[in-house]
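Read in order, the letters of the sequence shown correspond to residues 151 to 725 in my numbering.
Don't be surprised by glycine CBs; every beta carbon is placed ideally from N, CA and C.
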Amino acid sequence: MAKPFFRLQKFLRRTQFLLFFLTAAYLMTGSLLLLQRARVALPQGPRAPSPLQALPVAAMALGVGLLDSRALHDAHVSPELLLDMDVLRSPLARPRPGPRWLRSRNSELRQLRRRRFHHFMGDTQGPAALGPEAPRPAAHSRGTYVGCFSDEGEERTLKGAVFYDLRKMTVSHCQDACAERSYIYAGLEAGAECYCGNRLPAVSVRLEECNHECKGEKGSVCGGINRLSVYRVEELQPGSRKRRTVMYRGCFRLPENVTHAFPDSLIQANVTVDTCAGFCSQKEFPLAILRGWECYCAYPTPQFNLQDAVDSSLCSQEPEAQRLGAYCEVYQTPVQDTRCTDRRFLPAKSKVFVALSSFPGAGNTWARHLIEHATGFYTGSYYFDGTLYNKGFKGEKDHWRSRRTICVKTHESGRREIEVFDSAILLIRNPYRSLVAEFNRKCAGHLGYAADRNWKSKEWPDFVNSYASWWSSHVLDWLKYGKRLLVVHYEELCRSLVPTLREMVAFLNVSVSEERLLCVENNKEGSFRRRGQRPRDSEPFTPEMKDLINGYIQTVDKALRDHNWAGLPREYVPR
């Protein structure tokens, strides 16, 4: 009896020791893992500089917002933490073995940890300090790097052409865009923003303050937060679009006070259109005006608004005789009218939540472009479209209920979605045009055309059958549930832009000068004209489709009149 009891006692002692050993090993392993992940918070002795700190890419962690720059000098920061960042893509970065799905998932987790770490560092340490070395200007760029400049003033110095690209911004891309518009300088900011102009910013800063890496070009400098990396543009890159040319606007009567109406002038013998346009472009004026040997530069103003053109024969005289006349030739220069390009978010949350509502394809994006440039405030969106963000719609990334934007784009209908808003601009367009525009967008994006095969497939009749009823129900729902509406017809906005836009701006409760509205009219196209070859002008609508659409047109026309609005324009019904 004693022998079995002794064996049992011996077994229990061994088991107890084994459990103790396994528990201790488990705790030690866990502690080591926690220590490795929390090395940022552990004090360590002095160490030799990391090889990464000697590379320009080390400072790029500052530019993309992953680390506070002080962390690079802090001995608490592990080199492994820096090397583990996806965005650096350094040859020194450690390989990531394992299956692709696991690497992808780990990458997502790392991105989340980075955001939390950056948020913590930004809240506790204040403004970022400079890293040991900033990214370098692009060596292969055809332009000349001028320097790093401050962009913190109320008005931007480089504000001619403005666009963003969160994924593919490069120095060459920005330079080509500015060269195409005949600007001298191209400025890049925050890794993804491009600005153009003909005058350098007033305040230069240290080169190290431009420490953001270009989103589409690793190792090249693209400014920083409120910092511009400025390049002097020399020529277009091979394969890019040609420079924009000077466009003839017509013959006009001179204003009474020429000196007051035209801010700048050049008077010399044998002045040509090219000479005058080049002079005015350099001065950043959108209009070049010729009378004989006199060249004037100007903006459209209430005194000279280009509304009343006269017969061109009145300007087709010899320069000497023309100089004594009361008429002048007006040309549009390649540069942009910059009086209405500055935009920002609302300084305080809006008390009135306004929708810019329309059926898809009714010109909502174009209306947003007009509203932003007229009011100077960004518009928001119920959706997120990266393509539109890259076109300059910064409000695309803002949450649609933030109330930091002047109005919010939406295609939604239905009582619950409509009653969220306090008021709305309801934009209506001819359903025939809207359906074609939306079909083009679905097949070829915002600026493309659907291919011939798309129109001939079953996809087109199915699209008309489903979307035509949506065009009608969208208007009917907003008329029924909208609390305060302004109905705007797309065709009226095209025909009479300034008066209609003035009405829209007043509805948004924003005061706007007449000069700013004329600037918007001068920049009315924006970047939204469809490119490529337009498909053949064949009638895509069958008689059955027309009967269906015309019925919806008559229903909407009656509903508008019942709600004390003017009916639909005559060109809507019936075709």
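CB of residue i within 7 angstroms of CB of residue j, strictly
i	j	result
P351	T307	yes
V706	V625	yes
L607	Y702	Per the sequence presented here, residue 607 reads as Ser, with Leu not at that position. No. Outside cutoff.
G526	R493	yes
P405	F454	yes
A618	L667	no
K592	R553	no
V383	C328	yes
A438	C430	yes
Y333	V380	no
Y528	I568	no
W516	G530	no
V655	V662	yes
R331	R394	yes
Buried or exposed (CB count within 10 angstroms, at least 16 for buried), residue i
i	result
V638	buried
I575	buried
L651	buried
R111	Nothing in the structure corresponds to residue 111, since the chain is present only between 151 and 725.
K544	buried
Q457	exposed
V321	buried
L718	buried
N348	buried
N590	buried
N580	buried
N672	buried
S646	exposed
F534	exposed
F170	exposed
P497	exposed
D548	buried
A278	A caution first: A278 carries a pLDDT of 35, below 50, which makes its placement in the model too unreliable to give a value.
G542	buried
E339	buried
H410	exposed
V460	exposed
V480	buried
V353	exposed
C426	buried
T692	exposed
Top-ranked residue by Cα proximity to residue i, from the options
i	options	result
A368	A618, D627, A342 and T395	A small correction: the amino acid at residue 368 is Lys; Ala does not occupy that position in the sequence shown. Checking every option, the nearest Cα to that of K368 belongs to A342.
Y477	K559, T560 and C401	C401
C360	A512, Y314, T409 and V296	V296
C298	H362, W610, A594 and E721	H362
A487	R645, K674, N580 and W610	According to the sequence displayed, residue 487 carries Asp and not Ala. The candidate whose alpha carbon is nearest that of D487 is K674.
E642	R634, R551, N615 and G513	G513
H713	R317, K633, Y599 and T491	K633
C557	F495, L667 and L668	F495
S415	K433, C445 and E653	C445
V614	V353, P690, E653 and S431	P690
I521	R566, L577 and V423	L577
I375	C490, N604, D424 and G337	G337
V504	P649, T451, T515 and V570	V570
Q704	T395, Y722 and E694	Y722
L629	G595, W715 and E653	W715
Y640	T692, N659, Y539 and Y582	Y582
V660	C447, A174 and H523	H523
V423	C447, R403 and L177	C447
Y449	E664, P649 and R711	E664
L378	S531, C426, S573 and R356	R356
C344	V421, P413, K318 and Q432	K318
M695	V662, R720 and W610	W610
H519	F313, A175, T179 and A174	F313
L417	C644, W443, L177 and K433	With the sequence shown as reference, residue 417 is identified as Ile, and Leu is not the correct amino acid for it. Of the candidates C644, W443, L177 and K433, the one whose C-alpha sits nearest the C-alpha of I417 is W443.
Distance between beta carbons of residue j and residue i, contact taken as under 8 angstroms
i	j	result
D301	G366	Actually they are not in contact, since the Cβ atoms of D301 and G366 sit about 21 angstroms apart, beyond 8 angstroms.
E588	P510	4 angstroms
D627	G564	6 angstroms
Q482	M397	4 angstroms
V586	G310	Between G310 and V586 the Cβ distance is about 33 angstroms, and since that is not below 8 angstroms, they are no contact.
S616	T560	With 8 angstroms as the limit, S616 and T560 do not qualify as a contact, their Cβ atoms being about 19 angstroms apart.
C324	C490	The pair is not a contact, with the Cβ atoms about 21 angstroms apart (cut-off 8 angstroms).
If you scan the region 403-459 from start to end, which runs of the beta strand (DSSP E) of 3 or more residues do you find wholly inside it?
Taking only runs of at least 3 residues, the beta strand (DSSP E) segments lying wholly in the region 403-459 are 414-417, 437-441 and 444-448.
In chain order, each beta strand (DSSP E) run of at least 3 residues that lies wholly inside the region 500-550
504-508
Counting only runs that start and end within the region 290-365, where is the beta strand (DSSP E) found for 3 or more residues in a row?
294-300, 312-314, 335-339 and 343-347
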